[in-house]
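Chains as they are written, first to last, in our numbering: chain A, 1 to 204; chain B, 205 to 408.
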DNA sequence: GTCTATACTCTGATAGAC
DNA sequence: GTCTATCAGAGTATAGAC
């Protein structure tokens, strides 16, 4: 389906995308059903298929929208900035994404868990190119002594792991911390400490 | 089904569990089919259901086996040991689990992504009790000045995030690093650095 | 644009022969 | 213990009325 025109079409298109994000992010592609999505969207199943050609079409639309924004935080890592502040700002942006787009994070995580069959081209292409570029930048910063010597790829993976964990494993953290604690409380302070200490250039 | 007796029964039981681990860890509970598991095990679908009562029964057996061993590394964190060495050894054990049991890690991750409906009792019970106990230990170590002041729960979550990432996001890391690099190379050195610097008690 | 009805396929599970 | 055959229900998708 091409871009929706009328107000109703735009509204229903959004309703479906939002419902599909809820369902797909929780149950994965194969574990999700059109019935669930239709119920969640408050539409009939055939009506879903009026707006999208197929179940796969909905999923593809969701992923496409997601990937566009997913790598933006890393893209903004600025070679001209102060190294430690730049990396800490990147950590902060990623953590914000986990806080504001947890469903998207889980959708992405689910895809990777399955071996990333539907986003392999994106990862091997756009994402890999960007990571290579930023890893080189981090390596240059380390060589110049502006941050502590660190393995650039592992540093980037660590930032992903630590920030996305707050979205992807939210359920576990809530069950452990109890209902009156939000896992996000103190997360930024903690991660800032981790990376400040890791990257401080002077030897201890 | 109770414990298998004959050699063939034990062998087939194992074949099914192993095949089911492959399939469930990749596609989640609802996304997996008995046909896939049967094909993977080299058995017929009815034969699967001779050994297990149902699809859910297979999945439950898998999870039960998994959870027993999943928290063992944390359990071994020793109050009598040297704090930093103890925590680094825990990180190392968790990383070893990611290396040797990546499918189990992904099965667990998938369950949490789905909101942990089938392991909620385990998390709220056994796991939470253990984490509370070890968090108190870490807090005591920090208060005594034997490690740097750190938020105990966030520290534990960070260890989980960083180590499990090497199993759960393996597909992504491989695609980024290319076929001739193993994501695990340098992982232990990197994580050791991260936590040594984080926990070193003297101020920088 | 949206609905009801329905076609057709897949999936979990059972029956019964061997 | 293992197989073939098969059932009942769920799932994706389409046809066609309104």
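Note that beta-carbon positions come from the ideal geometry of N, C-alpha and C, so glycine has one too.
Spatial neighbours of residue i within its chain, please: C-beta separation below 8 Å, excluding the five flanking residues on both sides.
i             : result
residue 131/A : 74, 153, 156
residue 188/A : 92, 95
Give me, in chain order, the residues of the same chain whose beta-carbon lies closer than 6 Å to that of residue i; leave out the 5 immediate sequence neighbours on both sides.
i             : result
residue 262/B : 224, 256
residue 41/A  : 15, 16, 19
Could you give the distance in angstroms between the alpha-carbon of residue i and the alpha-carbon of residue j?
i             : j             : result
residue 184/A : residue 118/A : 30 Å
residue 67/A  : residue 14/A  : 17 Å
residue 260/B : residue 293/B : 36 Å
residue 81/A  : residue 70/A  : 22 Å
residue 238/B : residue 83/A  : 52 Å
residue 122/A : residue 94/A  : 19 Å
residue 202/A : residue 283/B : 32 Å
residue 236/B : residue 258/B : 13 Å
residue 366/B : residue 191/A : 12 Å
residue 333/B : residue 369/B : 24 Å
residue 64/A  : residue 304/B : 34 Å
residue 60/A  : residue 116/A : 13 Å
residue 346/B : residue 194/A : 15 Å
residue 226/B : residue 120/A : 20 Å
residue 210/B : residue 159/A : 50 Å
Which chain A residues are close to residue i, counting only those with a beta carbon under 8 Å from its beta carbon?
i             : result
residue 335/B : 176
residue 398/B : 158, 194, 198
residue 366/B : 158, 161, 162
Mind listing the chain A neighbours of residue i? Cutoff is C-beta to C-beta under 7 Å, in chain order.
i             : result
residue 318/B : 26, 27
residue 391/B : 154
residue 310/B : 113
Run down chain A in chain order and give the residues with a C-beta less than 9 Å from the C-beta of residue i.
i             : result
residue 327/B : 171, 172, 175, 176
residue 235/B : 27, 28, 29, 30, 31, 32, 114
residue 324/B : 171, 175
residue 369/B : 157, 158, 160, 161, 162, 164, 165
Which same chain residues end up closer than 7 Å to residue i when comparing Cβ atoms and leaving out the 5 residues on each side of it in sequence?
i             : result
residue 38/A  : 44, 45, 48
residue 170/A : 102, 183
residue 371/B : 302, 306, 309, 310
residue 145/A : 201
residue 331/B : 275
residue 176/A : none
residue 36/A  : 23
So which residues of chain B does residue i contact, with C-beta pairs closer than 9 Å?
i             : result
residue 42/A  : The premise fails here: residue 42/A is roughly 22 Å from chain B at the closest Cβ pair, so nothing lies under 9 Å.
residue 127/A : 376, 379, 380
residue 35/A  : Those within 9 Å of residue 35/A in chain B number zero; the least Cβ separation is about 13 Å.
Of all the options the options, which has the alpha carbon lying nearest to the alpha carbon of residue i?
i             : options                    : result
residue 208/A : 149/A, 18/A, 10/A, 26/A    : Given a span of 1 to 204 for chain A in the structure shown, any question on residue 208/A remains unanswerable.
residue 85/A  : 100/A, 147/A, 30/A         : 147/A
residue 62/A  : 93/A, 24/A, 177/A          : 24/A
residue 50/A  : 196/A, 134/A, 16/A, 172/A  : 16/A
residue 172/A : 268/B, 216/B, 226/B, 313/B : 313/B
residue 150/A : 233/B, 341/B, 401/B        : 401/B
residue 199/A : 116/A, 76/A, 29/A, 139/A   : 139/A
residue 383/B : 180/A, 30/A, 124/A         : 124/A
residue 291/B : 211/B, 341/B, 378/B        : 341/B
residue 317/B : 28/A, 11/A, 9/A            : 28/A
residue 339/B : 304/B, 281/B, 319/B        : 281/B
Name the chain B residues whose beta carbon is nearer than 8 Å to that of residue i?
i             : result
residue 190/A : 354, 355, 358, 359, 362
residue 145/A : By Cβ distance, chain B contributes nothing, its closest Cβ being about 16 Å from residue 145/A, past 8 Å.
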